[in-house]
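Take a look at the structure set out below.
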Amino acid sequence: DIVLTQSPATLSVTPGDSVSLSCRASQSISNNLHWYQQKSHESPRLLIKYASQSISGIPSRFSGSGSGTDFTLSINSVETEDFGMYFCQQSNSWPWTFGGGTKLEIK
Amino acid sequence: EVQLQESGPSLVKPSQTLSLTCSVTGDSITSGYWNWIRKFPGNKLEYMGYISYSGSTYYNPSLKSRISITRDTSKNQYYLQLNSVTTEDTATYYCARSDDYDGGFAYWGQGTLVTVSA
C-alpha cells in the first residue's frame, strides 16, 4: 500500500498567518492526491482534488500544489474557522490510503 | 443537494456482524461511486471499499473476505456488512460519494460511531 506521510503533525499559528502543510507519498502517485479538512464532530470536507484543482464553495485562500511524491496544501491568511485536522488521500493505487493528518491549532 | 445518512447499531458484540445502511437523497446511486470509509480512535482513516453505479464492487484487501457492500436501487440505499468483528473494528463509519472511481470524496454522511464490545 502507498504510505502518505503528513508533516508537521501539529501546526500552531495565529489568524492571519499563511501556512503550508506537507504530504509525501512512498512512491509516485502522479497528481492523484486530494485534501480534506475535518473539524471536531464533523465529517471531512473535500478542499482540493487532483493535487491542485479547486472545489466549488471552498474559499480561494486554500490552494494545492505538487505531483509525484511531494504535495503541499497552502492556506493564505488563516482564519479562525480553518482550525482543525487536515488529511491527504491518494487515488493512484488501490487501496486508496490517507495520511495521518496535520492538526492546525491556534497559537 | 446530495445528502448521505448512515444508520445502524452503535454497539456490536465481538465475532458478530456489523451492518450499516447509507440512505442517499438528492442523487441516484445508479450514478457515481458509493464508498465506505472508517476513522479509528486516534484519527487514522481507512478506505474500506465501494459499490459503483453499475453495481460493481471493490474491497480493501486488508478486510479480506469479511466485507460486503450491496445496494437497493429502489430504496436508493447501499449497505455495509463486516463479519467477525473484533474490538479493532471500533470506529466511526462514514459513507461517501465520489464522481469518479479515482476522484475525491465530495459528499459525506455525518458518520456513525460503532463500538465493538461484549
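Taken in sequence, the protein lines are chains G and A.
The numbers in the first sequence follow this note's numbering, run straight up by one, and end at 107.
The numbers in the second sequence follow this note's numbering, run straight up by one, and end at 118.
Cβ atoms here follow ideal geometry from the backbone N, Cα and C, with glycine treated the same way.
As the structure is a computational prediction, the values presented were derived from the model and not from experiment.
A Cβ-Cβ contact shorter than 7 Å links threonine 112 of chain A with glutamate 6 of chain A. Looking at G:Ala25, G:Ser7, G:Ser74, the one whose alpha-carbon comes closest to that of lysine 103 of chain G is G:Ser7. Taking each of A:Lys64, A:Tyr53, A:Arg66 in turn and checking the Cα distance to asparagine 35 of chain A, the smallest one comes out for A:Tyr53.
Spanning the alpha carbons of asparagine 43 of chain A and cysteine 88 of chain G requires a straight line of approximately 13 Å. Ranked by how close their Cα comes to the Cα of valine 78 of chain G, the residues G:Ser22, G:Leu21, G:Asp17 have G:Asp17 in first place. If the five residues before and after glycine 32 of chain A are omitted, its C-beta is found closer than 7 Å to the C-beta atoms of Tyr53, Arg97, Ser98, Asp99, all from its own chain and listed in chain order. Taking 7 Å as the Cβ-Cβ cut-off, the region 95 to 108 of chain A approaches chain G at Asp102, Gly103, Gly104, Phe105, Ala106, Trp108, given in chain order.
Identification of chain G residues near glutamine 110 of chain A by a Cβ-Cβ cut-off of 7 Å yields Ser43, ordered along the chain.
Looking at the DSSP output, glutamine 6 of chain G sits in a beta bridge with G:Cys23.
Against chain A, the CB of asparagine 31 of chain G has no partner CB under 7 Å away; the residue lies outside that interface. Of all alpha-carbon atoms in A:Thr70, A:Asp89, A:Tyr101, A:Gly104, the one lying nearest the alpha-carbon of valine 12 of chain A is that of A:Asp89. At a C-beta separation below 9 Å, tyrosine 58 of chain A has these neighbours in chain G: Trp94, Pro95. Per the coordinates, the alpha-carbon of threonine 97 of chain G lies some 30 Å from the alpha-carbon of alanine 118 of chain A.
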